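Trainee:
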Amino acid sequence: MPTYDCNEHQFVENLRRILDSKLRVIVNRMMLLKDDGKYGLSQLPDQEFKKYEAVAYRKHQRATVYAKVPFYDELHKRLYMQDDILHAPRNPNRYHLSIPYINVEYRFTLWGETYRHEFDVLYEPQIRLDRKEIVIGKSGKTTTLLHVLNFIPPPQQMLEIHLPPSTIVFDVRRLSRA
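In the working numbering, the protein residues as written are 87 to 264.
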């Protein structure tokens, strides 16, 4: 059973041709939240990196990214101190800051052939000042004002592609058994 990876234009065009031939097709959409380190701060283009400039700095794209100020990452529950390495392109580490994303896959099968289009949508950063309790050694907890990095899910419109109006789209959940 062959599978054809298509870009968005090819996928929609193949679907439109099938619909023009009066065949009915069901398109499956699978969305999967991932945070596997595929996207890091050093890989972002400059216009996207500007969203993180309150807490991070780098010399240029694909350079090591450092923490500008101490901040707390709410998603990963980790505190980064000033000048900590957030992401290094040549030495990926699981403790480095990664950007979560949603992997979206559209797929339809016709006569044993599968056509699919897949893309990733990054979460948006939200940086704010907030009071946090921090445990410092054995001495106890200290409450301090810190920058807090939170990631906001992308809007629903970014997870959709424009399909012909007569298309039925099913949201499919990927279930795995252990």
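Built from N, CA and C at the ideal position, the CB exists for glycine as well. The structure presented is a predicted model; accordingly, all values stated were derived computationally and were not measured.
1. Counting beta carbon pairs with one atom in the region 234–246 and one in the region 207–221, are three or more of them shorter than 8 Å?
2. CB-CB under 6 Å to Pro151, same chain, minus the five flanking residues each way: which ones, in chain order?
3. I'd like to check one pair, Phe205 with Ile112: are the Cβ atoms closer than 8 Å?
4. Please state whether the Cβ-Cβ distance between Glu191 and Met116 is less than 8 Å.
5. So, are the CB atoms of Ala153 and Asp169 less than 8 Å apart?
6. Could you please give the first and the last residue of the uninterrupted beta strand (DSSP E) stretch that includes Arg164?
7. Please look up how many angstroms separate the CB atoms of Asn100 and Phe256, rounded, as I've assumed it's under 8 Å.
8. Roughly how many angstroms lie between the CA atoms of Pro175 and Asp106, to the nearest whole one?
9. If I measure Cβ to Cβ from Thr200 and keep anything under 8 Å in the same chain, skipping five residues before and after, which residues do I get?
10. I need the DSSP call for Asp216, collapsed to helix, strand or coil.
11. Which one of Leu119, Arg103 and Asn93 has the shortest CA to CA distance from Arg259?
Mentor: Judging by the given coordinates:
1. Touching, yes.
2. In the sequence under discussion, the amino acid at residue 151 is Val, which differs from the Pro named in the question. Hits under 6 Å: Leu127, Ser128, Ala142, Arg144, Leu172 and His173.
3. Going by C-beta atoms, Ile112 is not nearer than 8 Å to Phe205.
4. Yes. Within cutoff.
5. Going by C-beta atoms, Ala153 is nearer than 8 Å to Asp169.
6. For Arg164, the enclosing beta strand (DSSP E) has its first and last residue at Arg164 to Tyr166.
7. Their Cβ separation, rounded to whole angstroms, is 18 Å, which puts Asn100 and Phe256 out of contact at 8 Å.
8. A direct Cα-to-Cα measurement between Pro175 and Asp106 gives close to 47 Å.
9. Scanning its chain for C-beta atoms nearer than 8 Å, with the 5 sequence neighbours on each side dropped, one finds around Thr200 the residues Met87, Pro88, Thr89, Tyr90, Arg193 and Phe194, in chain order.
10. The DSSP-derived three-state label of Asp216 is strand.
11. Closest option to Arg259, Cα to Cα, is Leu119.
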